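Read the structure below first, then the notes.
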Amino acid sequence: MSVSPPRDEASIAIRDRVYVDAKRAALWGLGVNVVLMLAKLVGGFLLHSAALIADAVNSIGDVTSSLAVRMSLHVAERDEDDDHPYGHTKAESIAGICVSLMVVFGAGLLAIETLSRLSGPLRTPTVFAGVVAAICCVVKEVAYQYTARVARRLDSSALQATAWDHRSDAFASGAIAVSLFAAPQLGWFAVYVDPIAALCVCVLLIYTGFKIFRTTARELMDQQADAETVNQVRRYASEVDQVREIEKLRVRKSGLEFFIEIHVQVDGTLTVDQGHRIGHEVKDRLLTKMPRVRDVHLHVEPWHATE
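Residues 469 to 775 (the working numbering) are what the sequence shown spells out, left to right.
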């Protein structure tokens, strides 16, 4: 029993809205990353700041990851087909993994490049480089707050990864700004402040990347959904008339949606036709009450009073 019954209009509208909000957040983040990437590159070269250039290279990765997230949401929204009977929802989770790997890889390259600069002549950047970094910090924090709010509401791993990428960039730009403002007051040590700040950025990015990877990998491994969602499924199924017990319940998150595998027990004296009807009532109720459930795989088992 796996053929999905038709959903009501309200359920379809809610599901569609989830993807609209997610794609809007991804597109907004893409625009922010493009603008900041250009600002950091120009500022870094004109003001001779290795930290700003390092942060700009990181923003190039941010632009790429934002594009990947936006495209993955478009793919994840597509309906089932012969080759993908479970839909394309995991495309969103795959994008989250890609973002995390890009963050770690990019940070590693930045660290190597910054260390190589320490062996050559160093210059103290002007205070204007700190101003550029401070502005980038504020913009990135605003981007984080917006994206994180949408990610929490939709429980999107890709948007959560993007939000943490924004937050790590905000911290990085803030650290760079502080170090560049303080550099002129540090005498001979001033020339080392900028590359040290760049290395701190790299460490923060690597930590964030591994954190995102671990969270998203759990989803791809079909980890049981959160307790609140599982209990909600159990409650809705139990409310259907003549359902005696819920024997087995598995709920896995796939991208922005969920798949449910559930075994319901009904009176063993009922006919096959009656049990089949009750099963469809359970499935219809779950799909109607929980618009983000992609499909329900249901098995009906007999229940006897002696059990």
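Note that CB positions come from ideal geometry on N, CA and C, so glycine has one too.
The structure presented is a predicted model; accordingly, all values stated were derived computationally and were not measured.
- Non-local C-beta neighbours of V486 in its own chain, meaning closer than 6 Å and more than five positions away in sequence, comprise L622 and L724, ordered along the chain.
- Leaving aside the five residues that flank C670 on each side, the residues in its chain whose CB is nearer than 8 Å to its CB run, in chain order, A522, A575, G576, L578, A579 and T582.
- In this structure, the CA atom of A494 is about 47 Å from the CA atom of P770.
- Between the alpha carbons of H748 and V711 lies a distance of about 12 Å.
- Annotation for H772: G736 place their beta carbon closer than 7 Å to its own, counting only its chain and skipping 5 residues before and after.
- Taking the Cβ atoms as the reference, F727 lies roughly 6 Å from D763, within the contact range of under 8 Å.
- Selection E560, L654 and L506 evaluated against K721 yields E560 as nearest (Cα-Cα).
- Taken through DSSP and simplified to helix, strand or coil, Q628 comes out as helix.
- Under the three-state reduction of DSSP output, Q700 falls in the helix class.
- The C-alpha of A602 lies about 10 Å from the C-alpha of F596.
- If you check the CB distance, R538 and K491 come in under 8 Å.
- Within the DSSP bridge table, the entry for I728 names V719 and V764 as partners.
- Below 8 Å, enough C-beta pairs join the segment 671-685 and the segment 630-642 to call them touching: three or more.
- Taking C-beta atoms under 8 Å as the contact rule, C668 and A643 qualify, at a distance of about 6 Å.
- Boundaries cannot be given for E545, as no alpha helix (DSSP H) includes it and DSSP labels it neither H nor E.
- Per the DSSP secondary-structure output, W771 pairs in a beta bridge with D735.
- In its chain, beyond the 5 residues on either side, M505, K508, L509 and G512 have a beta carbon closer than 7 Å to the beta carbon of A524.
- For the options L515, F639 and L498, the alpha carbon positioned closest to that of I528 is the one of L498.
- Under a 10 Å Cβ-count criterion, T739 is classified as exposed, with fewer than 16 other Cβ atoms of the shown protein chains found around its own Cβ.
- Contact annotation, L688 with I565: C-beta distance approximately 7 Å; criterion of less than 8 Å satisfied.
- Comparing alpha-carbon positions, the option among L754, A705 and T756 lying closest to V732 turns out to be A705.
- By the criterion of a C-beta distance shorter than 6 Å, A616 is surrounded in its chain by A631, once the five residues flanking it on both sides are discounted.
- As computed with DSSP, V711 is found in a beta bridge with V734.
- Taking C-beta separations shorter than 7 Å and ignoring five residues to either side along the sequence, the partners of E713 in its chain run Q733 and W771, following chain order.
- Between A544 and T557, the C-beta gap is smaller than 8 Å, which places the two residues in contact.
- It is roughly 41 Å from the alpha-carbon of F573 to the alpha-carbon of L755.
- The criterion of a C-beta distance shorter than 8 Å is not satisfied by V661 and D489.
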